[in-house]
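Residue 1424 is where the first sequence starts when you use the numbering used here, and the numbers rise one by one after that. The beta-carbon is built from N, C-alpha and C at its ideal position, and this holds for glycine as well. Okay, so here's the structure we're looking at.
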Amino acid sequence: MPELPEVEVVRAGLAPAVTGALVAGVEVLDARSLKRHDPASGAFESLVTGARIEAAVRRGKFLWLPFRPASPVAGADASGADASGSDASGSTGGAGADAAPLALVGHLGMSGQMLLRTPDHPGDDRHARIRLHLEHVGHGELRVDFVDQRIFGSLAVDRLVPTADGEVAGFSGDVTGAWARSIPTQVAHIARDPLDPAFDERAFFAALARRATGIKRVLLDQGVVSGIGNIYADEALWAAKLHPEQPAASISRRRARELLDAVRDVLLKALAEGGTSFDAQYVNVNGASGYFAHSLNAYGQTGRPCPRCGTPIVREPFMNRSSHRCPRCQRLRVARGD
DNA sequence: CGAAAGACCTGAGTGC
DNA sequence: TGCACTCAGGTCTTTC
């Protein structure tokens, strides 16, 4: 259940290994992990093979690797390669300057991992779905294994289009690349995350004021604010002393501001703890390893005393999952100015 | 447009 | 031992 901090750990671990790398080959072990790939744009394998990766970018929980497609001419005489990708609409247009910029888009879903490995690493991973074979000038040959038990995650090749606001699309540590202000079409509807310098606070407050539904539903709506999942929603609501079902529109501007601050605080804290957990050489780019159970105040703490007031935390059904809250600190309150 | 419910997935755990 | 059931949950789609 990787949320923003976990995905950022993955992005940061991947970035130095994939930036500038050539995709020498790809193995699709389970096509279900391509469910977000639109076959009309071409076969996944042929689009990715020969690509030169330019960066690793993240917005919310989405991750993408902008790349320059292989030049058809350069690839032709090198070695027969497998020309299996010659579908009906074969012409990919000469990979010149007018070729559409593309990106490899990834979402980890609930159980997805991007494991960075040496080429000789045993391929015995039970849930390995897709493997990328890379050649990197500095690191030599590498492998990225997309491992995903529950297959809620996926990889896809998608077109990059300019961002609606003209700002940098997501976080990558580099705002100068030609790809920086472009976003994959399937990520374009996702709001910026609250740590993004271009996050639109006014739009966030306006969305809250407009919604009659519970505040937790709004926090989980990636079209309003991205990067938050069940865990950090519960944590932020606990910190802001808000009941998950408190109607969003009933929350005063002042308390909404406190909530946004709490969200940022929770995400930054998790990021700080997660950022220290990987080793320098071959980073274990593992989305699940970054969970910081010791610092959780509400999520998964059913029956344990609220760290603030000592009242046992309760677990309640919520959208086919669970909410965890302190029944004393986080009460439903009638709409009224603060 | 907003809101809510269902679908997609697998494996661990529980009760009988 | 085995079977049925519950739970974990992010995002997309459908329905109202």
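Going by DSSP in three states, Q1536 sits in which element: helix, strand or coil?
strand
Would N1653 be called buried (16 or more neighbouring beta carbons within 10 Å of its own) or exposed?
buried
Distance, L1445 Cα to R1475 Cα
5 angstroms
Identify, in the order they occur along the chain, each residue of the same chain with its Cβ nearer than 8 angstroms to the Cβ of A1662, setting aside the five sequence neighbours on each side.
A1685, D1688, V1689, N1720
Could you tell me if K1458 is buried or exposed, where buried requires 16 or more neighbouring beta carbons within 10 angstroms of its beta carbon?
exposed
P1620 versus A1440, H1612, S1595, residue with shortest Cα-Cα distance
S1595
Where do the ends of the beta strand (DSSP E) carrying G1563 lie?
1563-1571
Around the Cβ of P1545, are there at least 16 other Cβ atoms within 10 angstroms (buried) or fewer (exposed)?
exposed
E1450 lies in the beta strand (DSSP E); which residues open and close that run?
1445-1451
Report all residues from its chain with a CB closer than 7 angstroms to the CB of H1559; omit the five preceding and five following residues, and keep chain order.
A1440, G1443, A1444, L1565
The region 1563-1580 / the region 1524-1538 touching (three or more Cβ pairs under 8 angstroms):
yes
Which runs of the alpha helix (DSSP H) spanning at least 4 residues fall entirely within the region 1631-1669, listed in chain order?
1638-1643, 1653-1662
For the beta strand (DSSP E) holding A1695, just list the boundary residues, first then last.
Not the beta strand (DSSP E): A1695 falls in the alpha helix (DSSP H), residues 1676-1697.
From S1649, R1640, G1563, residue whose alpha carbon lies closest to that of P1428
S1649
For I1613 and F1485, which I take to be in contact (beta-carbon distance under 8 angstroms), what is that distance rounded to the nearest angstrom?
6 angstroms
Among R1491, A1630, E1468, which has the Cα closest to the Cα of F1554?
For the sequence presented, residue 1554 should be read as Arg rather than Phe. When only C-alpha atoms are compared, the closest one is E1468.
Burial state of M1537, where buried means 16 or more other Cβ atoms lie within 10 Å:
buried
Quick check on DSSP: helix, strand or coil for V1433?
helix
Determine the extent of the beta strand (DSSP E) in which S1605 is found, giving its start and end residues.
1605-1607
What first and last residue would you give for the alpha helix (DSSP H) that runs through S1469?
1467-1471
Kindly identify the DSSP beta-bridge partner or partners of E1739.
S1746
State the beta-bridge partners of L1525 as determined by DSSP.
F1490, R1582
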